[in-house]
Amino acid sequence: MNTTLNINRLGLLFKRYFLENKQRELTFWGITIVVFTLMHLAGAQEKSFSVEMYLIISGFIFAARTFKAFNFTPSGMHYLLIPATHFEKLVTAIILSTFYFFAMILVTYTIGTVLGTSLGNLFFDTHNPIQFALFQSAPDFIVNGHSIHKAGNALLNTFIGFAGVQSVFMLGSIYFKGNAIGKTMLAIIAVSIVLGIIEVFLLKATFGTYHLNGQMLNLSITPEHNMFAGAETVGTIIKYALIPFFWVVTYFRLTEKEV
Amino acid sequence: MVNVQNVTFSYTKRAELLSNLSLTLETGRIHGLLGKNGEGKSTLLKLISGLDFPKSGSIETLGFNPTKRNPDMLQEIFFLPEELPQLALSIANYEKVYAPFYPNFSTEQFNAYLKEFDITDKTSKLNKLSHGQKKKVFIAFGLATNTKLLLMDEPTNGLDIPSKGQFRRMVASAIDENRCLIISTHQVHDLDSLIDSIIVMEKHKIVFNQPIENITKKLLFRVADRNEKDESVIYSEDTLRGLYQVCENTTGEESKLDIELLFNAILTKKNKIVKLF
Numbered sequence: 001m002n003t004t005l006n007i008n009r010l011g012l013l014f015k016r017y018f019l020e021n022k023q024r025e026l027t028f029w030g031i032t033i034v035v036f037t038l039m040h041l042a043g044a045q046e047k048s049f050s051v052e053m054y055l056i057i058s059g060f061i062f063a064a065r066t067f068k069a070f071n072f073t074p075s076g077m078h079y080l081l082i083p084a085t086h087f088e089k090l091v092t093a094i095i096l097s098t099f100y101f102f103a104m105i106l107v108t109y110t111i112g113t114v115l116g117t118s119l120g121n122l123f124f125d126t127h128n129p130i131q132f133a134l135f136q137s138a139p140d141f142i143v144n145g146h147s148i149h150k151a152g153n154a155l156l157n158t159f160i161g162f163a164g165v166q167s168v169f170m171l172g173s174i175y176f177k178g179n180a181i182g183k184t185m186l187a188i189i190a191v192s193i194v195l196g197i198i199e200v201f202l203l204k205a206t207f208g209t210y211h212l213n214g215q216m217l218n219l220s221i222t223p224e225h226n227m228f229a230g231a232e233t234v235g236t237i238i239k240y241a242l243i244p245f246f247w248v249v250t251y252f253r254l255t256e257k258e259v
Numbered sequence: 260m261v262n263v264q265n266v267t268f269s270y271t272k273r274a275e276l277l278s279n280l281s282l283t284l285e286t287g288r289i290h291g292l293l294g295k296n297g298e299g300k301s302t303l304l305k306l307i308s309g310l311d312f313p314k315s316g317s318i319e320t321l322g323f324n325p326t327k328r329n330p331d332m333l334q335e336i337f338f339l340p341e342e343l344p345q346l347a348l349s350i351a352n353y354e355k356v357y358a359p360f361y362p363n364f365s366t367e368q369f370n371a372y373l374k375e376f377d378i379t380d381k382t383s384k385l386n387k388l389s390h391g392q393k394k395k396v397f398i399a400f401g402l403a404t405n406t407k408l409l410l411m412d413e414p415t416n417g418l419d420i421p422s423k424g425q426f427r428r429m430v431a432s433a434i435d436e437n438r439c440l441i442i443s444t445h446q447v448h449d450l451d452s453l454i455d456s457i458i459v460m461e462k463h464k465i466v467f468n469q470p471i472e473n474i475t476k477k478l479l480f481r482v483a484d485r486n487e488k489d490e491s492v493i494y495s496e497d498t499l500r501g502l503y504q505v506c507e508n509t510t511g512e513e514s515k516l517d518i519e520l521l522f523n524a525i526l527t528k529k530n531k532i533v534k535l536f
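Here's what the structure looks like:
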């Protein structure tokens, strides 16, 4: 028997999730369709920001509940004793909180957009076209004569950002016992403050000042230096690497979990 | 089946809950794990099943290191905790979800045990059942998994009087030479005529671990006259029914084990009793 990843056990873990959370899932699907329908009822304006906000906020609430079993010791014991590997439990959690949730939002967004726009046209006698702004690529923008791609595809970009947030909150859900959302947010704020302080000291070391006061605008960056391309590559690597990094930390946290 | 060697465990750095504890458990037996509150009985069960990790020493459960929580080991363990998990599932769905994880699970047995406990409606939601009812479902499920190792922490807590008898009957019929059951309890009367090995914990250590046949061979349990003087008496309790005594069995006479009396005798006259074994 494959003791690391067994497809049958993985299937059983998914079955377990959906049977245990059937009511909650159906409710959430319903609410999300209603929200997206209402969002698109009023008109054809750009809605992708609102949709992305809804995706991120509902997503991290969902992710922060991934290991909610550990909030109550007997439930945590029950979860840890399910005959499946830690890896299988983690893979299930990742698929549900990231891929399934994103797919669910896309499906409900599509249904909501079609329903909302159609009903809006019907009730308000308008002729708005059905537009899926979330699926459309963002336009390139130019800095110092360089074309900066918003990762080419807006949907992929949204997904990467979403997966990053989910991975952080999933780690938070196993790291903190109780109120994982609040504690994870506090941890993010604390880390941001530390990074901000480091940034300020780097500024001092690099430019001899704690605040730039617009000096950056005087910097001459020529196309030959290709500074933005390098920064973009590093940023992309960090962005992509952070997600599996948080997954790996979650895995080790799960293997070391005691109740 | 279970081999615990020199295990030390603590939740905090200051107080050790288990101290250099060693224990070997054989298959085919129902072990009664007795001890006062806070001695570490539940913790020992958690360590055996891999829910907690020892600070030092080693544990082997069914040939596995329990801290790895290998599914091959977990599918041969069922742990019934004192407090039960909160699950928004019907009994039927609980069976549907969790039974496939246990290769030897028997639906027939599960239904028979539920019937014996007088639970007929499998559509009832677990989180809507009373603690006692829920416990019955988990006992029935645990026995029906046919796992090699069954760990039960205070299984009779919350059960009504008839159910305690049903529990004893079910457990007695479910155990065979391939299975091992460890029952942690301080309700010793509930285990009367059920357990066949007694483990006593005191001051975070195992101070006594003997099969019943050894105990009754070495010790005599009797009710004596208050005026009777006997040098072989190790421990006695004065009750309304008479003087309950634990004596050294020098004659080879058979007597019925009184678990509560033995437990109290071990706690008060530990050295004298341990020396006999």
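Sequence lines, in order, name chains U and E.
Under the working numbering, think of the first position of the first sequence as 1, with each following residue one higher.
Under the working numbering, think of the first position of the second sequence as 260, with each following residue one higher.
Even glycine gets a Cβ: it sits at the ideal position worked out from N, Cα and C.
1. Taking only beta-carbon positions, decide if Val261/E is within less than 8 Å of chain A.
2. Could you pull the start and end residues of the beta strand (DSSP E) that Ser317/E belongs to?
3. Consider the Cβ of Asn352/E: report whether some Cβ of chain U lies at a distance smaller than 8 Å.
4. Leaving out the 5 sequence neighbours to the left and right, which residues in its chain are closer than 8 Å to Lys327/E when beta-carbon positions are compared?
5. Might you give, ordered along the chain, the residues of its own chain that have their beta carbon closer than 6 Å to the beta carbon of Lys183/U, omitting 5 neighbours on each side?
6. Using the rule of at least 16 other Cβ atoms within 10 Å of the residue's Cβ for burial, across every protein chain shown, is Leu156/U buried or exposed?
7. Thinking C-alpha only, which one of Val482/E, Ile525/E, Ile458/E and Ile532/E is nearest Gly299/E?
8. Under the three-state reduction of DSSP, which class applies to Pro344/E: helix, strand or coil?
9. The ligand ZN and Thr415/E: does the residue's C-beta get closer than 7 Å to at least one heavy atom of that ligand?
10. Rounded to the nearest angstrom, how far is the Cβ of Gly391/E from that of Ser349/E, given a contact under 8 Å?
11. Taking DSSP as the reference, what is the three-state secondary structure of Lys477/E?
12. Since Lys384/E is in the beta strand (DSSP E), which residue starts that stretch and which ends it?
13. Which word fits Lys22/U, buried or exposed, when buried means at least 16 other C-beta atoms lie within 10 angstroms of its C-beta?
14. Just the C-alpha distance for Asn6/U and Ser97/U, rounded to the nearest angstrom, thanks.
15. Does the structure place the segment 381-398 of chain E close enough to the segment 49-62 of chain U that three or more beta carbon pairs sit under 8 Å?
16. Please report the straight-line C-alpha distance between Leu502/E and Lys381/E, rounded to a whole angstrom.
17. Using DSSP with H/G/I as helix, E/B as strand and the rest coil, what is Val249/U?
18. Under 8 Å: do the segment 286-302 of chain E and the segment 318-332 of chain E share three or more Cβ pairs, one atom per stretch?
19. Three or more C-beta pairs under 8 Å: does that hold for the segment 503-517 of chain E against the segment 430-445 of chain E?
20. Can you give the beta carbon distance from Leu254/U to His86/U, rounded, assuming they're within the 8 Å contact cut?
21. Within 8 Å, do at least three Cβ pairs link the segment 153-168 of chain U to the segment 53-60 of chain U?
22. Using the C-alpha atoms, what's the distance from Thr404/E back to Val260/U?
23. Do the segment 507-517 of chain E and the segment 472-479 of chain E touch if we need at least three Cβ pairs shorter than 8 Å?
24. My parser needs the beta strand (DSSP E) runs of 3 or more residues fully inside the segment 436-514 of chain E; what are they?
25. Is there a Cβ from chain E that is less than 8 Å from the Cβ of Ser173/U?
26. Mapping DSSP to helix, strand and coil, what is Leu238/E?
27. Which value, in whole angstroms, describes the spacing of the CA atoms of Glu335/E and Leu526/E?
28. For Asn405/E, does the three-state DSSP call read helix, strand or coil?
29. How is Ala151/U classed by DSSP in three states: helix, strand or coil?
30. Taking buried to mean at least 16 other C-beta atoms within 10 Å of its own C-beta, is Lys534/E buried or exposed?
31. Could you compute how far the alpha carbon of Leu440/E sits from the alpha carbon of Lys407/E?
32. Does DSSP put Thr267/E in a helix, a strand or coil?
33. Just confirm the distance between the C-beta atoms of Phe536/E and Gln469/E, as a whole number of angstroms; I'd bet it's less than 8 Å.
34. Report the neighbours of Val356/E on chain U: residues whose CB is nearer than 8 Å to its CB, in chain order.
35. In whole angstroms, what separates the C-alpha of Ala154/U from that of Ile160/U?
36. Are any of the Cβ atoms in chain E nearer than 8 Å to that of Val259/U?
Let me lay it out:
1. Annotation note: the requested chain A is absent from the structure, which comprises protein chains U and E.
2. Here the beta strand (DSSP E) through Ser317/E covers Ser315 to Thr320.
3. Nearest CB-CB separation between Asn352/E and chain U: below the 8 Å threshold.
4. Closer than 8 Å at Cβ, skipping near neighbours: Gly309.
5. Counting only Cβ-Cβ distances below 6 Å, and skipping sequence neighbours, we find Phe176.
6. Looking at its Cβ environment, which holds fewer than 16 other Cβ atoms inside 10 Å, Leu156/U is exposed.
7. Measuring from the Cα of Gly299/E, the nearest candidate turns out to be Ile458/E.
8. Here Pro344/E carries a coil assignment [DSSP, helix/strand/coil].
9. This structure does not include the ligand ZN; it has no bound ligands of any sort.
10. Between Gly391/E and Ser349/E a beta carbon distance of about 18 Å is seen, past the 8 Å cut, so the two are scored as non-contacting.
11. Of the three classes helix, strand and coil, the one that applies to Lys477/E here is helix, per DSSP.
12. In the DSSP assignment, Lys384/E falls outside any beta strand (DSSP E), carrying neither H nor E.
13. Residue burial annotation: Lys22/U is exposed, with fewer than 16 other C-beta atoms found within 10 angstroms of its C-beta.
14. Rounded to whole angstroms, Asn6/U to Ser97/U spans 20 Å at the Cα level.
15. Contact between the segment 49-62 of chain U and the segment 381-398 of chain E is absent, with fewer than three C-beta pairs closer than 8 Å.
16. Those two C-alpha atoms are separated by around 49 Å.
17. In the structure shown, Val249/U falls within a helical segment according to DSSP collapsed to helix, strand and coil.
18. Verdict: no, contact absent.
19. With fewer than three CB-CB distances shorter than 8 Å, the segment 503-517 of chain E does not count as touching the segment 430-445 of chain E.
20. Leu254/U to His86/U, Cβ: 5 Å. Contact.
21. Taking 8 Å as the limit for Cβ pairs, the verdict is that the segment 153-168 of chain U does touch the segment 53-60 of chain U.
22. With chain U represented from 1 up to 259, any question about residue 260/U goes unanswered, as that position is not in the structure.
23. Judged by Cβ distances under 8 Å, the segment 507-517 of chain E makes contact with the segment 472-479 of chain E, as three or more pairs qualify.
24. The segment 436-514 of chain E contains, as complete beta strand (DSSP E) runs of 3+ residues, the segments 439-444, 456-461, 464-470, 478-483, 492-498 and 501-507 (chain order).
25. With 8 Å as the cut-off, Ser173/U does not count as an interface residue toward chain E.
26. Since the displayed chain E opens at 260 and closes at 536, residue 238/E lies outside it and no answer follows.
27. Rounded to whole angstroms, Glu335/E to Leu526/E spans 34 Å at the Cα level.
28. Note: Asn405/E maps to coil in three-state DSSP.
29. Low local confidence applies: a pLDDT of 42 at Ala151/U is under 50, so the model's placement there is unreliable, and no value is given.
30. Exposed.
31. Our two residues, Leu440/E and Lys407/E, have alpha carbons roughly 8 Å apart in a direct line.
32. In the structure shown, Thr267/E falls within a strand segment according to DSSP collapsed to helix, strand and coil.
33. With a Cβ gap of about 6 Å, Phe536/E and Gln469/E count as contacting.
34. From the beta-carbon of Val356/E, the residues of chain U found nearer than 8 Å are Leu12, Lys15, Arg16, Leu19 and Glu20.
35. When the Cα atoms are used, Ala154/U and Ile160/U turn out to be separated by approximately 10 Å.
36. Interface annotation, Val259/U: in contact with chain E, CB-CB separation under 8 Å.
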